[in-house]
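First residue of the sequence shown: 1, per full-length UniProt numbering; consecutive thereafter.
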Amino acid sequence: MIHHDHCKLTRHSSLSPCLEQGPRRRTETSFDAKACLAIRVRLEIAENHRDLAQFNLAIDSKLRGCDLVKLKVAGIYASGQVKERASIIQSKTQRPVRFEITEGTRKSILRWMEEPLMIGSDFLWPGRFHERLYISTRQYARLVREWVKSIGLDPTSFGMHSMRRTKVAHIYRKTGNLRAVQLLLGHTKMDSTVRYLGVEHEDAPAISEAVEIERLGPFSSAVQGRPSFHLHDSAVAARIPAIRCE
(Lines of atoms letter the chains of each structure in order from A and count residues from 1; the text may use other names and numbers.)
(Lines give C-alpha, C1' and ligand atoms only; values in the text may rest on other atoms or scores of the structure.)
Protein backbone atom coordinates (compact mmCIF):
# COMPACT_ATOMS: atom_id res chain seq x y z
CA MET A 1 0.00 0.00 0.00
CA ILE A 2 2.84 2.38 0.83
CA HIS A 3 4.55 1.51 -2.42
CA HIS A 4 1.33 2.21 -4.33
CA ASP A 5 0.99 5.68 -2.75
CA HIS A 6 4.59 6.45 -3.65
CA CYS A 7 3.89 5.56 -7.28
CA LYS A 8 0.97 7.98 -7.36
CA LEU A 9 3.16 10.81 -6.11
CA THR A 10 5.82 9.94 -8.67
CA ARG A 11 3.32 10.28 -11.53
CA HIS A 12 2.23 13.69 -10.24
CA SER A 13 5.82 14.86 -9.86
CA SER A 14 6.34 14.51 -13.60
CA LEU A 15 3.63 17.12 -14.16
CA SER A 16 4.95 19.90 -11.95
CA PRO A 17 7.87 20.38 -9.53
CA CYS A 18 5.40 22.08 -7.19
CA LEU A 19 3.68 18.73 -6.60
CA GLU A 20 6.82 16.73 -5.82
CA GLN A 21 6.68 17.20 -2.06
CA GLY A 22 3.08 16.00 -1.78
CA PRO A 23 0.68 17.15 0.93
CA ARG A 24 2.89 16.05 3.83
CA ARG A 25 5.89 18.24 4.55
CA ARG A 26 7.60 19.46 7.66
CA THR A 27 6.75 22.94 8.85
CA GLU A 28 9.51 25.31 7.82
CA THR A 29 10.05 28.34 10.05
CA SER A 30 9.65 31.82 8.58
CA PHE A 31 12.56 34.24 8.93
CA ASP A 32 12.28 37.06 11.44
CA ALA A 33 13.44 40.59 10.60
CA LYS A 34 16.82 40.05 12.27
CA ALA A 35 17.57 36.96 10.18
CA CYS A 36 16.50 38.72 6.96
CA LEU A 37 18.86 41.59 7.69
CA ALA A 38 21.74 39.28 8.63
CA ILE A 39 21.46 37.33 5.37
CA ARG A 40 21.23 40.50 3.30
CA VAL A 41 24.29 42.01 4.99
CA ARG A 42 26.38 38.88 4.40
CA LEU A 43 25.40 38.72 0.73
CA GLU A 44 26.09 42.45 0.31
CA ILE A 45 29.56 42.12 1.86
CA ALA A 46 30.32 39.11 -0.35
CA GLU A 47 29.05 41.06 -3.40
CA ASN A 48 26.97 38.02 -4.26
CA HIS A 49 24.54 39.88 -6.50
CA ARG A 50 22.68 36.80 -7.76
CA ASP A 51 21.93 35.42 -4.30
CA LEU A 52 20.99 38.82 -2.90
CA ALA A 53 18.55 39.47 -5.74
CA GLN A 54 17.09 35.98 -5.41
CA PHE A 55 16.71 36.22 -1.64
CA ASN A 56 15.05 39.64 -1.88
CA LEU A 57 12.66 38.64 -4.66
CA ALA A 58 11.78 35.36 -2.95
CA ILE A 59 10.75 37.30 0.17
CA ASP A 60 8.83 39.95 -1.80
CA SER A 61 7.07 37.66 -4.27
CA LYS A 62 6.06 34.91 -1.83
CA LEU A 63 6.19 32.48 -4.76
CA ARG A 64 6.59 28.72 -4.55
CA GLY A 65 10.12 27.62 -5.35
CA CYS A 66 9.06 26.01 -8.63
CA ASP A 67 7.66 29.35 -9.83
CA LEU A 68 10.50 31.50 -8.52
CA VAL A 69 13.26 29.55 -10.30
CA LYS A 70 11.67 29.90 -13.73
CA LEU A 71 10.82 33.60 -13.61
CA LYS A 72 11.60 35.29 -16.90
CA VAL A 73 13.35 38.63 -17.23
CA ALA A 74 10.50 39.95 -19.38
CA GLY A 75 8.06 39.21 -16.56
CA ILE A 76 9.66 41.63 -14.13
CA TYR A 77 11.65 44.02 -16.35
CA ALA A 78 10.48 46.52 -18.98
CA SER A 79 11.63 49.85 -20.47
CA GLY A 80 14.99 49.68 -18.76
CA GLN A 81 13.67 49.23 -15.23
CA VAL A 82 12.37 46.56 -12.87
CA LYS A 83 8.60 46.64 -12.45
CA GLU A 84 7.06 47.64 -9.13
CA ARG A 85 4.46 44.89 -9.54
CA ALA A 86 4.38 41.71 -11.57
CA SER A 87 2.17 38.67 -12.02
CA ILE A 88 2.56 35.05 -13.04
CA ILE A 89 0.41 31.98 -13.63
CA GLN A 90 1.14 29.55 -10.80
CA SER A 91 2.35 26.11 -11.86
CA LYS A 92 0.44 24.30 -9.13
CA THR A 93 -2.99 25.92 -9.53
CA GLN A 94 -2.80 27.49 -13.01
CA ARG A 95 -4.23 30.63 -11.42
CA PRO A 96 -2.68 34.12 -11.62
CA VAL A 97 -1.07 35.78 -8.63
CA ARG A 98 0.34 39.30 -8.36
CA PHE A 99 3.27 40.40 -6.25
CA GLU A 100 5.07 43.62 -5.40
CA ILE A 101 8.77 44.27 -5.92
CA THR A 102 10.06 46.74 -3.34
CA GLU A 103 12.70 49.37 -4.06
CA GLY A 104 15.56 47.52 -2.38
CA THR A 105 14.73 44.37 -4.32
CA ARG A 106 14.52 46.28 -7.60
CA LYS A 107 17.99 47.73 -7.02
CA SER A 108 19.48 44.31 -6.24
CA ILE A 109 17.89 42.83 -9.39
CA LEU A 110 19.34 45.63 -11.55
CA ARG A 111 22.81 44.93 -10.13
CA TRP A 112 22.39 41.24 -10.87
CA MET A 113 21.26 41.92 -14.44
CA GLU A 114 24.54 43.72 -15.12
CA GLU A 115 26.48 40.48 -14.52
CA PRO A 116 28.00 38.72 -17.59
CA LEU A 117 25.98 35.55 -16.90
CA MET A 118 22.78 37.50 -17.55
CA ILE A 119 23.76 38.63 -21.05
CA GLY A 120 21.22 37.18 -23.47
CA SER A 121 19.40 35.20 -20.76
CA ASP A 122 15.62 34.95 -20.96
CA PHE A 123 15.46 33.64 -17.40
CA LEU A 124 16.20 35.60 -14.24
CA TRP A 125 18.17 32.76 -12.63
CA PRO A 126 19.94 31.01 -15.55
CA GLY A 127 21.45 27.59 -15.05
CA ARG A 128 25.22 27.34 -15.04
CA PHE A 129 25.16 24.43 -17.46
CA HIS A 130 23.94 24.59 -21.04
CA GLU A 131 21.40 21.81 -20.60
CA ARG A 132 19.41 23.86 -18.05
CA LEU A 133 17.77 27.17 -18.94
CA TYR A 134 17.24 28.03 -15.26
CA ILE A 135 18.32 26.69 -11.88
CA SER A 136 16.45 23.72 -10.43
CA THR A 137 14.37 23.78 -7.26
CA ARG A 138 17.02 21.49 -5.75
CA GLN A 139 19.68 24.11 -6.42
CA TYR A 140 17.43 26.79 -4.95
CA ALA A 141 16.86 24.69 -1.81
CA ARG A 142 20.62 24.28 -1.48
CA LEU A 143 21.07 28.07 -1.69
CA VAL A 144 18.51 28.58 1.08
CA ARG A 145 20.40 26.12 3.30
CA GLU A 146 23.64 28.01 2.64
CA TRP A 147 22.02 31.34 3.57
CA VAL A 148 20.65 29.85 6.78
CA LYS A 149 23.96 28.28 7.80
CA SER A 150 25.85 31.49 7.04
CA ILE A 151 24.07 33.27 9.91
CA GLY A 152 24.32 30.38 12.36
CA LEU A 153 20.75 29.06 12.19
CA ASP A 154 19.71 25.41 11.99
CA PRO A 155 19.23 24.54 8.29
CA THR A 156 16.86 21.70 9.16
CA SER A 157 14.31 24.25 10.42
CA PHE A 158 14.26 26.35 7.24
CA GLY A 159 13.68 25.77 3.55
CA MET A 160 12.02 27.08 0.40
CA HIS A 161 8.71 27.46 2.20
CA SER A 162 10.43 29.68 4.77
CA MET A 163 11.05 32.13 1.92
CA ARG A 164 7.43 31.95 0.78
CA ARG A 165 6.03 32.19 4.30
CA THR A 166 8.22 34.99 5.73
CA LYS A 167 6.53 38.14 4.44
CA VAL A 168 2.97 36.87 4.83
CA ALA A 169 3.76 35.86 8.42
CA HIS A 170 4.89 39.43 9.10
CA ILE A 171 1.79 40.81 7.37
CA TYR A 172 -0.53 38.54 9.33
CA ARG A 173 1.08 39.49 12.64
CA LYS A 174 0.76 43.20 11.82
CA THR A 175 -2.76 43.19 10.34
CA GLY A 176 -4.49 39.92 11.27
CA ASN A 177 -5.91 40.01 7.73
CA LEU A 178 -6.18 36.41 6.53
CA ARG A 179 -7.93 37.43 3.31
CA ALA A 180 -4.97 39.62 2.33
CA VAL A 181 -2.59 36.74 3.02
CA GLN A 182 -4.76 34.37 0.98
CA LEU A 183 -4.63 36.72 -2.02
CA LEU A 184 -0.89 37.24 -1.73
CA LEU A 185 -0.19 33.50 -1.57
CA GLY A 186 -2.57 32.77 -4.43
CA HIS A 187 -4.51 30.22 -2.39
CA THR A 188 -7.96 29.23 -3.65
CA LYS A 189 -9.25 28.30 -0.19
CA MET A 190 -8.98 30.13 3.12
CA ASP A 191 -8.45 26.78 4.88
CA SER A 192 -5.19 26.38 2.95
CA THR A 193 -4.01 29.78 4.15
CA VAL A 194 -4.89 29.03 7.77
CA ARG A 195 -3.00 25.73 7.65
CA TYR A 196 -0.05 27.30 5.84
CA LEU A 197 0.37 29.97 8.49
CA GLY A 198 -0.24 27.46 11.27
CA VAL A 199 -2.74 29.73 13.03
CA GLU A 200 -5.62 27.32 13.53
CA HIS A 201 -4.95 26.72 17.23
CA GLU A 202 -3.42 29.78 18.86
CA ASP A 203 -5.32 32.39 16.83
CA ALA A 204 -8.67 30.68 16.25
CA PRO A 205 -10.49 32.60 19.04
CA ALA A 206 -9.05 35.92 17.84
CA ILE A 207 -10.09 35.20 14.25
CA SER A 208 -13.60 34.35 15.37
CA GLU A 209 -13.80 37.54 17.42
CA ALA A 210 -12.59 39.64 14.48
CA VAL A 211 -15.31 38.22 12.23
CA GLU A 212 -17.96 39.16 14.82
CA ILE A 213 -16.59 42.70 15.01
CA GLU A 214 -16.67 43.05 11.22
CA ARG A 215 -20.31 41.96 11.17
CA LEU A 216 -21.27 44.59 13.75
CA GLY A 217 -19.12 47.31 12.23
CA PRO A 218 -21.42 48.59 9.45
CA PHE A 219 -24.46 48.72 11.79
CA SER A 220 -22.48 50.57 14.44
CA SER A 221 -21.11 53.06 11.91
CA ALA A 222 -24.54 53.67 10.39
CA VAL A 223 -26.02 54.43 13.80
CA GLN A 224 -23.33 57.01 14.44
CA GLY A 225 -23.83 58.57 11.01
CA ARG A 226 -20.41 57.58 9.67
CA PRO A 227 -19.73 55.51 6.56
CA SER A 228 -18.48 51.98 7.28
CA PHE A 229 -14.99 50.96 6.16
CA HIS A 230 -14.33 47.80 4.17
CA LEU A 231 -10.94 46.56 2.98
CA HIS A 232 -11.56 45.50 -0.62
CA ASP A 233 -9.28 43.08 -2.45
CA SER A 234 -8.02 45.89 -4.71
CA ALA A 235 -6.73 47.77 -1.68
CA VAL A 236 -4.59 44.91 -0.44
CA ALA A 237 -1.77 45.23 -2.97
CA ALA A 238 -1.55 48.97 -2.42
CA ARG A 239 -1.01 48.55 1.33
CA ILE A 240 1.38 45.62 1.43
CA PRO A 241 4.60 47.19 0.02
CA ALA A 242 4.86 49.33 3.16
CA ILE A 243 5.27 46.15 5.24
CA ARG A 244 8.79 44.86 4.64
CA CYS A 245 10.99 42.28 6.33
CA GLU A 246 14.12 44.29 7.05
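For each residue, glycine too, the CB sits at the ideal point set by N, CA and C. None of the values given here were measured: they were computed from a predicted structure.
Nearest Cα to Leu133 within the set Tyr140, Arg142, Gln139 and Phe123: Phe123. Within the same chain, Cβ atoms closer than 7 Å to the Cβ of Leu153 are found at Ala35, the five residues on either side in sequence being excluded. Spatial neighbours of Val97 in its own chain (CB-CB distance under 6 Å, excluding positions within 5 residues in sequence) are listed in chain order as Gln90 and Gly186. For Val144, the uninterrupted alpha helix (DSSP H) segment begins and ends at Thr137 to Ser150. For the stretch 86-138, the continuous beta strand (DSSP E) assignments of 3+ residues that do not extend past its boundaries occur at 96-100, in sequence order.
Nearest Cα to Lys167 within the set Arg50, Leu57 and Ala141: Leu57. Under DSSP, Gln182 shares a beta bridge with no residue. If you check the CB distance, His161 and Glu28 come in under 8 Å.
DSSP places Lys167 in the helix class (H, G or I) of the three-state scheme. A contact is defined here as three or more CB-CB pairs under 8 Å, and the stretch 38-52 fails this definition with respect to the stretch 72-79. For His187, no alpha helix (DSSP H) encloses it, and the DSSP letter there is neither H nor E. Taking a 10 Å sphere around the C-beta of Arg173, we find fewer than 16 other C-beta atoms and assign the residue as exposed.
It is roughly 7 Å from the alpha-carbon of Met163 to the alpha-carbon of Phe31.
Per DSSP, the beta bridge partners of Ala78 are Gln81. One thing to note: Asp60 has its Cβ no nearer than 8 Å to the Cβ of Thr93. Secondary structure at Lys70: coil, using DSSP grouped into helix, strand and coil. Here Phe99 is near Ala86, since their CB atoms are less than 8 Å apart.
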